[in-house]
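**Q** Those protein sequences? They're chains A and B, same order as listed.
In terms of the numbering used here, the first sequence opens at residue 614 and continues consecutively.
In terms of the numbering used here, the second sequence opens at residue 447 and continues consecutively.
For each residue, glycine too, the CB sits at the ideal point set by N, CA and C.
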Amino acid sequence: MADNLPSEFDVVVIGTGLPESIIASACSRSGQRVLHVDSRSYYGGNWASFSFSGLLSWIKENQEKTDVREDGEDWRKLILKTEEAISLNKQDNTIQHVEDVCYACQDLAEDVKEAGALPKLPAFEASDTREAAQESEKESLPVQSQSLGTENCEISPESVTCNDPESMTERKDAEMTSERENLCDATSDQSALETGKTENVSTAEAAALKPKKITYTQIVKEGRRFNIDLISKLLYSQGLLIDLLTKSNVSRYAEFKNVTRILAFQEGRVEQVPCSRADVFNSKQLTMVEKRMLMKFLTFCLDYEQHPEEYQDYKERKFSEYLKTQKLTSNLQHFILHSISMVSEADSGTIDGLKATKHFLQCLGRYGNTPFLFPLYGQGEIPQCFCRCKALIDHFGQRISANYFVVEDSYLSEKTCTNVCYRQISRAVLITDQSVLKTDSDQQISILTVPPVERGQPAVRIIELCSSTMTCMRNTYLVHFTCSSTKTAKEDLEPVVQKLFSLNAETERESENGGGLEKPRVLWAVYFNMRDSSGIDRNSYDCLPSNVYVCSGPDCALGNDYAVKQAETLFQEMFPKEEFCPPPPNPEDIIYDGDGTQPEDPGFSSSSNAKTEPSPEESSDGDSCKVSEEHHEE
Amino acid sequence: MHGRLKVKTTEEQAEAKRLEREKKLRQYVAATTAIFEKRKMGQLDKEALELTNQILGVNPDFATLWNFRREIILRLEGEGSPEETQSLCRGELSFLETCLRVNPKSYGTWHHRCWVMGHVPHPDWARELELCAKFLESDERNFHCWDYRRFVVQRAQVPAADELRFTDHLITRNFSNYSSWHYRSRLLPQLHPDPRQPGRPTEAVLLKELELVQNAFFTDPNDQSAWFYHRWLLGRAEPEPTILCVYVSREDSSLAVAFSQPVVVTPGSCDLLLFADEAPLAVNWRTPDGRNRPGLMWLCDLPASALNDHWPQHTFRVQWAGGESQKECVLFKGRSDGWCRDSVTEEQVFRCELSVEKSTVLQSELESCKELQALEPENKWCLLTIILLMRALDPLVYERETLSYFDTLKAADPMRSAYLDDLRSRFLVENSILRMEYAEARVVDLSGRGLTVLCHLEQLPLITHLNLAGNRLRRLPPTLAMLRCLEVLELEGNQIETLEGLPPLPRLEEFSARSNRIQRPSDLRPLASFPRLRLLALQGNPLGALPDAQSQLAALLPRVEITLA
């Protein structure tokens, strides 16, 4: 089948990161013939998610960067005389300083393998072998997955099914309900525990209070429960990505959970930030007057543009200075600056701060009590959502011509990028045994910003994921650290890790003599630096032909707006007259030629088969059918 | 090509929609016709049930069809075994659930559910509670569902503590919820009754609630629901009506009874009994305006025998509602009248908005409201609460401060300035009455207070002189007739346009209506039935400009000395 790959396309997209995937999907929806390829053995580029063993292989790969074997010159024959070749990078240079540390008990770790995993990811082959993913063409049916088959197993079928569970199409509100039930259960559990505490704590209860000890062996064994993102982001409930997902109906391929807590780190203590109206009302830590001050300021931020007189004099000043002039206690200033606006204390202006605060507030309440959503199974799901209904094919050297080429930055050769000045992102990923802030429920998704100790240092963003996000095994938490780099990731982040976590998993802790504020333990950690190729002017690339468009890798920001905006901009440059990711046609409006008429909706269907949950956005029958067609069974 | 897709055009979509709608309409009409046919024929069977399913499933507000279903269920219930009835009702309940999803606020559907739950042999109340919780989760203000929940709670005898926890849960999620707050005000007195005040919870509970509601209004001071609950918390049990004053007049041969609250005396009933010298006396009670609507004063005419001068004194005792309140007054020989009344100060009657016992609580509430007001200087709810708290604490001590808060409040809430003027007038009248009480006077000076309304006249049945000069009154209320002893009324410098509707004042002799807005002599017609009016001052009214005003007035009020200019 690979032989049948057409040699002419409208658009060739190289890379499967978020902006490339969006562009490929947008082009395909507007009827272009699209070839979407990726030389990596996994989807997503630096937007990818890995199981634990997958991440270990990725770490190994990046630690032992093998010299690239010079490939054959066969391809040169395919270049026409009038053409000039732009060679693409064969090696990923975007990741540096990878360092993993295991703190958990490592007994028997040698011969344990991840259940159901392939022994190893296949070695990275520096040949012309390309695993190509072909986006549905004009002629093919987008509603049907037309599997062309795979000739080799660079993508294991397991990993595909693992990332594509049927449950992903379940509705969000159903999810919310179950979440609430969880909370209820947790509350009753807690009260049971508390009564236990007041009496003499029985051994069983004491055991229940202590976190279960997780060994490295268990982590490896349960490795498939992990979906570890290379880049850590959240979706703003009102933002370009959510708009795009819902408008284009791609959202049905993913399921989300609301971030449950916004946390702050003050004076060595982690505490919850009240940000919604209900939070402020229920908060026990704020005084009455603080409640009013906070609500008043936040209400003002919601339409600050209408009251320029309130901030006119501080337009040129820093947001942190402006906050000092408002009727706010220092506690509240900290919350607003670091946890709500999340802007830099050192260099963000008043307007930036107000704008960020407003955005945060506008996102509240759309899907829950915090402004953020996290995709189940990890951020790596999102680019894949845009690549659904995709046939996989493998392809060897063939001349393919197209009008437009979209290339992810890391594919460009060093020569092309000589003059480009990249920033770096420092990342750490921790597997821990407890939450940084224990509460009634152990299923919390939290975001915490730790402000820098010294001026000029970046703030560190921490996202703590619980096991119900399907990114880590039970009784563990996956904690992502992100900041823009000043040094290596470990130098940047380890001091913050130490503030919040204990690195001595083995030694029995001093908890016996008081058991007060016990830090959660780190079981395993990895540090690495990732290239931040966002915000690069096209002109800084050398000799880029006009029909080659460059996509960035992930940026350091919390949201995904940069990638979406870039995808839309590039798409509009290529196809100024086309709509960007329009909604797909309603299944009822699709006429199947020659299939005769579709069965009609009786309209007066009997009530017995009515759905159990009231929901206005319930997907139509056509949708659910579509989903079942695409569902790959093992 | 086979299997290729084509997307319908907008016209095609519209056409498809139109055809669909037409088809639905045809089916709807056909089913409705069939149902009425069956009802006419008395065919109360499963098929009829099925037909109504189709219609009610799309339009649950078709009340007639619910009635028909009840008829069918009653018939089937009579025919089948209890097990069959059970399963019939269960089917009905699940059908009702789908209807509620179509329209969660349909009267007919909720009503039918109540009815079915009353009929099902083994009702599952726990499930019904859960259903309510679900519907209230998606819309906490669905009062239909609140009603149904109360029905379920009552039938299933759900403990009040459980229901209180339920309101906790809802308020935690969103405190802008009148229903939940209101529900608490019903549950708390049940759970923690105050032995001294029926219908009120204990002080310890009130303090906890005050903290909760403070959280709400500090978080969002513009949310009314919390303020209303706050007012309830600081309020007190509604007092029963009592008799304030009994006044007997030999000259008018009448007896007047003033009450603390409006009451109705049904003719021929034993609500209000009169004993003259300990013998029951049958009389006809009426209100001063003759309309016999709920009122604060009831009058009766006395027979000459009850007032004769043979005895050194006559004792009149009135009894209200079987003796819950009674009063006695004595008319001595040679005196023209006699009375008995409560002193206003003793009973603190005007503080009924908020309770008096909790003055330390009130003081601390006042402080936190002032704290809030410092942050929210223009919040009307906060300002109003401050005013009410000050009145509850001490109306006279806080009088000046209250008046300045009224000015701020009027500026902050101009839409309600008329309401606020009236409220302010009421408070000023109350304060004057309180002061007057200390002096035991029968002369009341309410001049120059900016009054827009007259109230609490039931407290003044004995006054002889009333000075209302220099206020903003536009009319005199019919309740003015409660002033049974009033001889002099000064109304100079108001905005009175007419006296229409004013019942006669039996003792009024001098009436000054100078500098008002009376335009026509006919506006003064009620004065013709004032038996003792001697002097009428009308200088500075528009009617003075009429050429024949003097003659018209002379014709209208022949025995009155009128000054026009």
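Taking 7 Å as the cut-off, is the beta-carbon of R587 (chain B) closer than that to any non-hydrogen atom of the ligand ZN?
**A** Among the components modelled here there is no ligand, and therefore nothing to report on the ligand ZN.
**Q** Taking the alpha carbon of D1046 (chain A) as the reference point, which residue from A:V1092, A:S896, A:S1059, A:R1012 has its own alpha carbon closest?
**A** Locating residue 1046 (chain A) in the first sequence gives position 433, where the first residue counts as 1. It is A:V1092 whose Cα lies nearest to the Cα of D1046 (chain A).
**Q** Using the rule of at least 16 other Cβ atoms within 10 Å of the residue's Cβ for burial, across every protein chain shown, is G657 (chain A) buried or exposed?
**A** Residue numbering aside, residue 657 (chain A) sits at position 44 when the first sequence is read from its first letter. When all chains shown are included, G657 (chain A) counts as buried.
**Q** Cutting at 6 Å between CB atoms, please list the residues of its own chain near T613 (chain B), excluding the five before and the five after it.
**A** As a first step, residue 613 (chain B) is located in the second sequence; it is residue number 167 there, counting from the start. Result list for T613 (chain B): S626, Y629, R630, in chain order.
**Q** Cutting at 6 Å between CB atoms, please list the residues of its own chain near K492 (chain B), excluding the five before and the five after it.
**A** For the purposes of this step, residue 492 (chain B) is taken as residue 46 along the second sequence, with counting starting at 1. Answer for K492 (chain B): no residue qualifies.
**Q** Let me see if you follow: with CB-CB separation under 8 Å, is N895 (chain A) close to chain B or not?
**A** Your numbering for residue 895 (chain A) matches position 282 in the first sequence. N895 (chain A) counts as touching chain B.
**Q** Quick one, which of A:A639, A:D713, A:V647 has its alpha-carbon nearest E674 (chain A)'s?
**A** By 1-based counting over the first sequence, the position of residue 674 (chain A) is 61. Closest by alpha carbon: A:D713.
**Q** Rank A:S1147, A:L907, A:G852 by C-alpha distance to the C-alpha of Q939 (chain A) and give the top, closest one.
**A** The count along the first sequence starts at 1 and reaches residue 939 (chain A) at position 326. Comparing Cα positions, the closest option is A:L907.
**Q** Beta carbon of V1139 (chain A), beta carbon of V711 (chain A): below 8 Å?
**A** If you number the first sequence from 1, residue 1139 (chain A) lands on position 526. If you number the first sequence from 1, residue 711 (chain A) lands on position 98. Yes, the Cβ-Cβ distance between V1139 (chain A) and V711 (chain A) is below 8 Å.
**Q** Any Cβ of chain C within less than 8 Å of the Cβ of R837 (chain A)?
**A** Absent here is chain C; the protein component of the structure consists of chains A and B.
**Q** When the Cβ atoms of the region 766 to 775 of chain B are set against those of the region 977 to 995 of chain B, are three or more pairs found closer than 8 Å?
**A** Segments in contact, no.
**Q** Looking at the strands, I want to know which residues DSSP matches up with C786 (chain B).
**A** Working through the second sequence from its first residue, we reach residue 786 (chain B) at position 340. Its beta-bridge partners are B:V692.
**Q** Just reading off the alpha helix (DSSP H) that Y851 (chain B) is part of, what are its end residues?
**A** As a working mapping, residue 851 (chain B) is identified with position 405 in the second sequence. Start and end: 845 to 858.
**Q** Is the shortest distance between the beta-carbon of L818 (chain B) and the beta-carbons of chain A less than 8 Å?
**A** As a working note, residue 818 (chain B) is residue 372 in the second sequence. Judged by the 8 Å Cβ criterion, L818 (chain B) is in contact with chain A.
**Q** Quick one: what does DSSP say R464 (chain B) is sitting in, helix, strand or coil?
**A** In the second sequence, the residue the question calls residue 464 (chain B) occupies position 18. If DSSP states are grouped into helix, strand and coil, R464 (chain B) belongs with the helices.
**Q** Measuring only the C-alpha atoms, how far is R1005 (chain B) from R781 (chain B)?
**A** For the purposes of this step, residue 1005 (chain B) is taken as residue 559 along the second sequence, with counting starting at 1. For the purposes of this step, residue 781 (chain B) is taken as residue 335 along the second sequence, with counting starting at 1. Approximately 27 Å between the Cα atoms of the pair.
**Q** Can you find the residues in the same chain that come closer than 6 Å, C-beta to C-beta, to A1170 (chain A), ignoring five residues on each side of it along the sequence?
**A** Here the question's residue 1170 (chain A) lines up with position 557 in the first sequence. Closer than 6 Å at Cβ, skipping near neighbours: no residue.
**Q** Would you kindly work out how many angstroms separate the C-alpha atoms of E923 (chain A) and L967 (chain A), rounded to a whole number?
**A** Along the first sequence, read from residue 1 onward, the residue named residue 923 (chain A) stands at position 310. Along the first sequence, read from residue 1 onward, the residue named residue 967 (chain A) stands at position 354. Roughly 11 Å between the two C-alpha positions.
**Q** Would DSSP call G564 (chain B) helix, strand or coil?
**A** Counted from its first residue, the second sequence places residue 564 (chain B) at position 118. If DSSP states are grouped into helix, strand and coil, G564 (chain B) belongs with the helices.
**Q** Compare the Cα-Cα distances from L616 (chain B) to each of B:C578, B:P639, B:D747, B:V598 and report the closest residue.
**A** For this step, residue 616 (chain B) is matched to residue 170 along the second sequence. Taking only the C-alpha atoms, the option nearest L616 (chain B) is B:C578.
**Q** Please go through the same chain and pick out, in chain order, the residues whose beta-carbon is closer than 6 Å to the beta-carbon of L848 (chain A), but skip the five residues on each side of it.
**A** Locating residue 848 (chain A) in the first sequence gives position 235, where the first residue counts as 1. Correct list, in chain order: L854, I855, L986.
**Q** Could you give the DSSP three-state label for A739 (chain A): helix, strand or coil?
**A** Along the first sequence, one-based indexing puts residue 739 (chain A) at 126. In this predicted model, A739 (chain A) has a pLDDT of only 31, less than 50, meaning its place in the structure is not dependable; the value taken from the coordinates is given anyway. Here A739 (chain A) sits in coil by DSSP.
**Q** Using CA coordinates, which residue listed in B:F852, B:S878, B:I879, B:A857 is at the minimum distance from D868 (chain B)?
**A** Translated into positions along the second sequence, residue 868 (chain B) becomes position 422. For D868 (chain B), the nearest C-alpha among the options comes from B:F852.
**Q** Taking the CB atoms as reference points, tell me whether L908 (chain B) and W785 (chain B) lie closer together than 8 Å.
**A** Counting from one through the second sequence, the residue named residue 908 (chain B) turns up at place 462. Counting from one through the second sequence, the residue named residue 785 (chain B) turns up at place 339. Their beta carbons are under 8 Å apart, which means L908 (chain B) touches W785 (chain B) by this criterion.
**Q** For S1014 (chain A) versus S634 (chain A), is the C-beta distance shorter than 8 Å?
**A** Start at 1 with the first residue of the first sequence, and residue 1014 (chain A) comes out as number 401. Start at 1 with the first residue of the first sequence, and residue 634 (chain A) comes out as number 21. Not a contact, by the Cβ cut-off of 8 Å.
**Q** Taking K909 (chain A) as the query, report the chain B residues whose CB atoms sit under 8 Å from its CB, ordered along the chain.
**A** One-based indexing of the first sequence puts residue 909 (chain A) at position 296. Within 8 Å Cβ-Cβ: L821, E822.
**Q** Could you tell me the boundaries of the alpha helix (DSSP H) in which E530 (chain B) lies?
**A** In the second sequence, counting from the first residue as 1, residue 530 (chain B) sits at position 84. Counting along the chain, the alpha helix (DSSP H) containing E530 (chain B) begins and ends at 528 to 548.
**Q** 8 Å is my cut-off, CB to CB: does A476 (chain B) come that close to chain A?
**A** Locating residue 476 (chain B) in the second sequence gives position 30, counting from the first residue. Chain A, which has no Cβ nearer than 8 Å to the Cβ of A476 (chain B), makes this no.
**Q** Is the CB of V1177 (chain A) under 8 Å away from at least one CB in chain B?
**A** On the first sequence, residue 1177 (chain A) is found 564 positions in, with the first residue counted as 1. With 8 Å as the cut-off, V1177 (chain A) does not count as an interface residue toward chain B.
**Q** How about V872 (chain A): is its C-beta nearer than 8 Å to some C-beta of chain B?
**A** Stepping through the first sequence from its first residue, residue 872 (chain A) is reached at position 259. Closer than 8 Å: no.
**Q** For M1083 (chain A) and A867 (chain A), I'd like the C-alpha separation in whole angstroms.
**A** As a working note, residue 1083 (chain A) is residue 470 in the first sequence. As a working note, residue 867 (chain A) is residue 254 in the first sequence. Going from the Cα of M1083 (chain A) to the Cα of A867 (chain A) covers about 13 Å.
**Q** Touch check for the region 832 to 841 of chain A and the region 947 to 964 of chain A: three-plus C-beta pairs under 8 Å?
**A** No: the two stretches stay apart, fewer than three of their Cβ pairs being nearer than 8 Å.
**Q** Name the chain A residues that come within less than 8 Å of T665 (chain B), Cβ to Cβ?
**A** The residue given as residue 665 (chain B) occupies position 219 in the second sequence. The contacting residues are R890, V893, F894, K904, R905, M908.
**Q** Return no unless some Cβ of chain B is closer than 8 Å to the Cβ of D916 (chain A).
**A** By one-based count along the first sequence, residue 916 (chain A) stands at place 303. So, not an interface residue.
**Q** So, does the CB of N661 (chain B) fall closer than 8 Å to a CB anywhere in chain A?
**A** Counting from one through the second sequence, the residue named residue 661 (chain B) turns up at place 215. Chain A, which has a Cβ nearer than 8 Å to the Cβ of N661 (chain B), makes this yes.
**Q** Pull up the distance between the alpha-carbon of R611 (chain A) and that of M901 (chain A), whole angstroms please.
**A** Outside the shown range of chain A (614 to 1247) lies residue 611 (chain A), about which nothing can therefore be said.
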